[in-house]
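Trainee: For the sequence shown, numbering that gives the first Met the number 0 begins at 0 and goes up steadily by one.
Where a beta carbon is used, it is the ideal one built from N, C-alpha and C, also for glycine.
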Amino acid sequence: MTAAPGLSLRAALAQLAGTDPAAALERPEPIAAEAVARDFADRYAGVPAVGIARSEPAVRYTRVGEEGATVLLGLYGDQSRLAAWLPGLPERTTPQTAARLLAAARAPRLRTAAPCRQLVARHEEVDLTRLPVLTATPRDAGPYLTAALVHAEDPVTGESALSAHRMLVLDRRRLTIWLVPGRQLGLLHLRALERGERLAVTVNIGVPPAAMLASALNSRFLPPGLGKLALAGALAGQPLGLAPALTQPAHALAEAEIVLEGHLDDSTAAEALDEREPGCSLPEFLGYDGRARTGLPVLTVTAVTTRRNPLYQAVIGPGREQSHILGVAGAFSVALSLPATPGLRVADLYFSPAGGGMLLLAVAVRKEHCAADGLLAPLAREVFRQHPFVKTVVFTDDDVAIRCAEDLLWAMTTRCNLAADAACFEGFPPVPMDPAQTPEWAGARHHPTVPGRVAIDATTPYALRASTARSFLRTGVPVHHGTAKG
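#1: Three or more C-beta pairs closer than 8 Å, one from the stretch 226-236 and one from the stretch 154-168: is that the case here?
#2: Go through its chain and collect everything with a Cβ distance to ALA422's Cβ below 6 Å, but skip five positions before and after it.
#3: Quick one: what does DSSP say PRO223 is sitting in, helix, strand or coil?
#4: So, using beta-carbon positions, are ALA490 and GLY355 closer together than 8 Å?
#5: For a test of your reading of the model: does the CB of GLY5 fall under 7 Å from any non-hydrogen atom of the ligand MG? Yes or no.
#6: Hey, could you find the ends of the alpha helix (DSSP H) VAL327 is sitting in?
#7: Grab the span of the beta strand (DSSP E) containing GLY240 for me, first residue to last.
#8: Whole angstroms are fine: how far does the CA of LEU417 sit from the CA of THR458?
#9: Do VAL492 and VAL132 have their C-beta atoms within less than 8 Å of each other?
#10: Using the Cβ count rule (16 or more neighbours within 10 Å means buried), how would you classify ARG219?
#11: Skipping 5 residues on each side, what residues in its chain have a beta carbon closer than 6 Å to that of GLN183?
#12: Enumerated in chain order, which unbroken segments of the alpha helix (DSSP H) with a length of 4 residues or greater are wholly contained in the stretch 29-87?
#13: Could you tell me whether the stretch 384-391 touches the stretch 423-434, using the rule of 3 or more Cβ pairs below 8 Å?
#14: Would you kindly check if the distance between the Cβ of ALA210 and the Cβ of LEU239 is under 8 Å?
#15: Once the 5 residues before and after ILE51 are set aside, which same chain residues still bring their CB inside 7 Å of it?
#16: Identify, in the order they occur along the chain, each residue of the same chain with its Cβ nearer than 6 Å to the Cβ of HIS323, setting aside the five sequence neighbours on each side.
#17: In chain order, what residues of the same chain have a beta carbon less than 8 Å from the beta carbon of ARG129, not counting five sequence neighbours either side?
#18: Using only CA atoms, which one of LEU192, LEU378, GLU124 and PRO107 lies nearest to ARG171?
#19: Hey, how far is the Cα of GLY373 from the Cα of TYR311?
#20: At the level of alpha carbons, what is the spacing between ASP126 and CYS115?
#21: Which value, in whole angstroms, describes the spacing of the CA atoms of ASN203 and GLU152?
#22: Assuming TRP177 and HIS188 make a contact with CB atoms under 8 Å, what is their CB distance in whole Å?
#23: Can you tell me whether DSSP reads ALA11 as helix, strand or coil?
#24: GLY342 and ALA370 - do their beta-carbons sit closer together than 8 Å?
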């Protein structure tokens, strides 16, 4: 039986090829793993990888490297695909739709016959160098896994983690993994070390779209006892499948294309190969080279299991698909964190690809009385407090299609005077991946400190709302806030 597109990468790709063949491409010519990302960026990628606003096709490179492996890029290069694959994904992101999504959570089911382990290599048979792991640029520290989800469970508390991390292949059986401080996987790892134990994990590549999207939500805003995999079930409208690992006390995503089983202990290494000094890591989500780090945890792989003829999925770092995954999930995280604000109704939330899906947030609101004019600044401060990557919040009225860049700019141009309507919020730490948030940038601009966050009020004052009625917007017909193409 064919899986639903939300539950299987292969089913999602087949659905895309059937409904939009021009968006599902195949590149059959031989190509080196070191050349794939550059080829995709030049031919297909959009902002922020290159200066072109365009959707990205799903491209299968079918003869990569000496093994002739298949690499998939661009699967999430158009946000409308997520809506087609995930029946539980609401058209608008609001506190109400986010709450309904939580209520529809469906716990994963255990499967004994799992496609992810049709082929198995254990222990000394493991050789990560046989995977078509991409090196995006000549400046990179080496080959990185970029679209792999790490799944782990705490055997004491039952808590779980599901998240994407950059992982540098060190050798046949080891990878470094960058754990953002304070996130769930890092906490589970620290607890395991405190107990004198290893943390068993699976690294899942080529995962169901529902799992990929759910993985990017912030665990802090989920109710106790509700894991990301259950939320993935709500997105897919069906429970996801899990399979017991073969060499670790862990579980893998049953429909994954490739699974690495392994553990995290107290071993560490730098993001560098051949004893070189750490320099660049790889292209980051904002479109700039990242910085390699030292002292990262090392993941030791004890088994590699795959489907037959597996699809190795990756992202190039910056680009449409990573922005869409981060942005859609980030908007739900914001919706789950917003406090009740009587008199101000949130109509939609949207992270623009211009900010890599994390830095630029648009919020459409409806004011219900005059006092609502003064509620935007406190709401913005709460967003900045809860979501440290958000740099700029743009508030608009709910007759603005915030998922359309031109309409958002139209509101900023005609319902806003930036000199008066942009409020700065100090006291928030800078995001190091953003070059404009560095001390060097502040010094060159002659600022005494790194500037803080900014909220832009592009809404109509409540008392003047009749003056900004759009000429061709029909009365009583809400503006379309649905998923924009691209």
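Mentor: The structure says:
#1: Touching, yes, given that three or more Cβ pairs across the two stretches are closer than 8 Å.
#2: What you label residue 422 is simply residue 423 of the sequence shown in a count that begins at 1. Within the same chain, ALA422 has close Cβ partners ALA376 and ALA454.
#3: To locate residue 223, count along the sequence shown from 1; it is residue 224. Of the three classes helix, strand and coil, the one that applies to PRO223 here is coil, per DSSP.
#4: In the structure as shown, the chain starts at 0 and stops at 485, and residue 490 therefore has no counterpart that could be examined.
#5: Looking at this structure, you won't find the ligand MG or any other ligand, since it has none at all.
#6: As a position in the sequence shown, residue 327 is number 328, starting the count at 1. Per DSSP, VAL327 is one residue of the alpha helix (DSSP H) stretching across 319-336.
#7: To locate residue 240, count along the sequence shown from 1; it is residue 241. Annotation: the continuous beta strand (DSSP E) that includes GLY240 extends over 240-243.
#8: By one-based count along the sequence shown, residue 458 stands at place 459. By one-based count along the sequence shown, residue 417 stands at place 418. Taking C-alpha positions only, THR458 is separated from LEU417 by approximately 12 Å.
#9: Not covered by the structure: residue 492. The range shown for the chain is 0 to 485.
#10: Here residue 219 corresponds to residue number 220 of the sequence shown, with the count starting at 1. With fewer than 16 other Cβ atoms within 10 Å, it is exposed.
#11: In the sequence shown, residue 183 corresponds to position 184, counting from 1. ALA160 and SER218.
#12: DSSP runs (the alpha helix (DSSP H)) wholly in the stretch 29-87: 35-42 and 78-84.
#13: They touch, by the three-pair rule.
#14: Taking the first residue of the sequence shown as 1, we reach residue 239 at position 240. Taking the first residue of the sequence shown as 1, we reach residue 210 at position 211. Yes, the pair counts as a contact, with Cβ atoms nearer than the cut-off.
#15: For the purposes of this step, residue 51 is taken as residue 52 along the sequence shown, with counting starting at 1. The residues are GLY45.
#16: Stepping through the sequence shown from its first residue, residue 323 is reached at position 324. TYR75 and GLN78, listed in sequence order.
#17: Here the question's residue 129 lines up with position 130 in the sequence shown. Within the same chain, ARG129 has close Cβ partners GLU66.
#18: Locating residue 171 in the sequence shown gives position 172, where the first residue counts as 1. Cα-wise, what sits closest to ARG171 is GLU124.
#19: The count along the sequence shown starts at 1 and reaches residue 373 at position 374. The count along the sequence shown starts at 1 and reaches residue 311 at position 312. TYR311 has its alpha-carbon roughly 50 Å from the corresponding atom of GLY373.
#20: The residue given as residue 126 occupies position 127 in the sequence shown. The residue given as residue 115 occupies position 116 in the sequence shown. Between ASP126 and CYS115, the alpha-carbon positions lie close to 17 Å from each other.
#21: Here residue 203 corresponds to residue number 204 of the sequence shown, with the count starting at 1. Here residue 152 corresponds to residue number 153 of the sequence shown, with the count starting at 1. The alpha-carbon atoms of ASN203 and GLU152 are separated by roughly 14 Å.
#22: Walking along the sequence shown from the start, residue 177 turns up at place 178. Walking along the sequence shown from the start, residue 188 turns up at place 189. Between HIS188 and TRP177 the Cβ distance is about 12 Å, and since that is not below 8 Å, they are no contact.
#23: One-based indexing of the sequence shown puts residue 11 at position 12. If DSSP states are grouped into helix, strand and coil, ALA11 belongs with the helices.
#24: Locating residue 370 in the sequence shown gives position 371, where the first residue counts as 1. Locating residue 342 in the sequence shown gives position 343, where the first residue counts as 1. Yes, Cβ-Cβ distance for ALA370 and GLY342 is below 8 Å.
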